[in-house]
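Taking this note's numbering, the leading residue of the sequence shown gets 190, the next gets one more, and so forth.
Everything on this sheet refers to the single structure shown next.
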Amino acid sequence: EPGFLVGGVPLNFGVSARLGKVAPGSPFVIEAHEYDTAVFDKRSKFVHYRPRTAVLNNLEFDHADIFADLAAIETQFHHLVRTMPAKGRIVVNAREDSLQRVLERGCWSEVQRFGARKEEPGALRARGEPHAFDVLRGSMKIARVEWALLGEHNQMNALAAIAAAEHLGVAPAAAASALATFENVARRLGLKGEANGIRVYDDFAHHPTAIRTTIDGLRRKVGAQRIVAVFEPRSNTMKQGAMKAQLPWALEEADLAFCHSGGLTWDAAEALAPMGKQAVVCDTIGALVSAVARVAKPGDHVLCMSNGGFGGIHAKLLAALEAPHT
190 EPGFLVGGVP LNFGVSARLG KVAPGSPFVI EAHEYDTAVF DKRSKFVHYR
240 PRTAVLNNLE FDHADIFADL AAIETQFHHL VRTMPAKGRI VVNAREDSLQ
290 RVLERGCWSE VQRFGARKEE PGALRARGEP HAFDVLRGSM KIARVEWALL
340 GEHNQMNALA AIAAAEHLGV APAAAASALA TFENVARRLG LKGEANGIRV
390 YDDFAHHPTA IRTTIDGLRR KVGAQRIVAV FEPRSNTMKQ GAMKAQLPWA
440 LEEADLAFCH SGGLTWDAAE ALAPMGKQAV VCDTIGALVS AVARVAKPGD
490 HVLCMSNGGF GGIHAKLLAA LEAPHT
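What follows is the structure, given as structure tokens:
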């Protein structure tokens, strides 16, 4: 019974933290973060954890209120790698150039790469669709995953979890079998309700890459049906406009995109101008709800994305979609 502390609520357990079995060698899983520790300690939180197994999944620029650039974040990851023991294992995303740069600065632990697009000796990769795929090490099949999750990012997460569990003594086939019962985490493409044939979803996505991968995951599920993306730039980084130029790319796979501009110090309409009529900007939640309700039609999928409560928009949308429109 491993313990854990994560940033969301795993639906299998209903809580975001559990102590687990207290005994020497018992595993404890913690979702690490590069944000600073405290006002008096500007090192990233994860340098204090001293892990034996570390999963380095993605490393992109974020937290513009803390870090000057991507290189500054890479330095913090380098410090984390330096805390790893010689008998530890670093499970690293083979597609991330930033993580490769981190390891090139010095690594003294075993490295298990995952997610390579081509066959690579020793690396884990997937063959098949994100919801049903073989796990290969080199050219050899070592497990098969069949689960309810969608999206390539979840497929990558599965590979990372299998590699990390293996370092703790869990055979890849057993880990893959366990994933079949995984119910994801709250606020990850969670269906909030349906009104007049229109489904409303909630997701925690707030970084451009997360927004894009979330829309991609929903697209794989609904096919050609319309996706209406409703986004709130709420994180400190987004409020500063540090990633506004990436928003058209992040939202381009949605059929329509609505952005809440309240409280921003930058011009959301200007940032989304490359999307033309595909994007709509509203400065209040009420205006946003009304605008979405006017264009939504049966069969649509309305995807709300924010790292906060988004002003209770999900319930407001469902109520507006239920109301008759003239």
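Built from N, CA and C at the ideal position, the CB exists for glycine as well.
query	result
Tell me where the beta strand (DSSP E) around E318 begins and ends.	L313 to E318
Helix, strand or coil: how does DSSP classify L492 here?	strand
Under three-state DSSP, which class holds R388?	strand
Just the C-alpha distance for L292 and D286, rounded to the nearest angstrom, thanks.	10 Å
So who's on the other strand from E299, going by DSSP bridges?	R278
Out of D323, G452, W455 and L461, state which residue places its alpha-carbon closest to the alpha-carbon of A446.	L461
For D251, which residues from the same chain have a beta carbon less than 7 Å from its beta carbon, with the 5 sequence-adjacent residues on both sides left out?	H396 and T426
Taking the alpha-carbon positions, what's the P216 to A362 distance?	19 Å
Rounded to the nearest angstrom, what separates M542 and E309 at their Cα positions?	With the chain covering 190 to 515 only, the question about residue 542 has no answer from this structure.
Quick test of the definition: if touching needs 3 or more C-beta pairs under 8 Å, does the segment 381-390 touch the segment 351-370?	no
In the DSSP assignment, what are the bridge partners of L194?	A206 and I219
So V419 packs on L492, CB below 8 Å; how close in whole Å?	7 Å
Can you check DSSP and say which residues form a bridge with P180?	This structure does not reach residue 180, given that the chain is present from 190 up to 515, and the question cannot be answered.
Here's the rule: buried if 16 or more other CB atoms are within 10 angstroms of the residue's CB, otherwise exposed. What is P422?	buried
Which of helix, strand or coil does DSSP assign to G497?	coil
If you scan the segment 370-419 from start to end, which runs of the beta strand (DSSP E) of 3 or more residues do you find wholly inside it?	379-384 and 387-392
Going by C-alpha distance, which of V198, G196, G203 and R207 is nearest E190?	R207
Could you spell out the range, first to last residue, of the beta strand (DSSP E) harbouring I331?	M329 to E335
Measuring only the C-alpha atoms, how far is D392 from L248?	20 Å
When you compare only the Cα positions, how much space is there between A508 and G451?	22 Å
Between the Cα of V470 and those of V478, M464, A482 and A457, spot the shortest distance and give me the residue it belongs to.	A457
Do A439 and I400 have their CB atoms nearer than 8 Å?	yes
Could you give the distance in angstroms between the alpha-carbon of Q435 and the alpha-carbon of D405?	16 Å
Let me make sure I understand the geometry here. Which of H268, S495 and E442 has the alpha-carbon closest to that of H449?	S495
By a C-beta neighbour count over all protein chains shown, 10 Å radius and 16 as the cutoff for buried, is T402 buried or exposed?	buried
Going by CA-CA distance only, name the one from Q265, D472, V270 and A305 that's closest to T226.	Q265
List the endpoints of the continuous alpha helix (DSSP H) containing S479.	I474 to V484
For L348 and H320, which I take to be in contact (beta-carbon distance under 8 Å), what is that distance rounded to the nearest angstrom?	Between H320 and L348 the Cβ distance is about 14 Å, and since that is not below 8 Å, they are no contact.
Can you grab the Cα-Cα spacing for the pair V204 / G192, in whole Å?	11 Å
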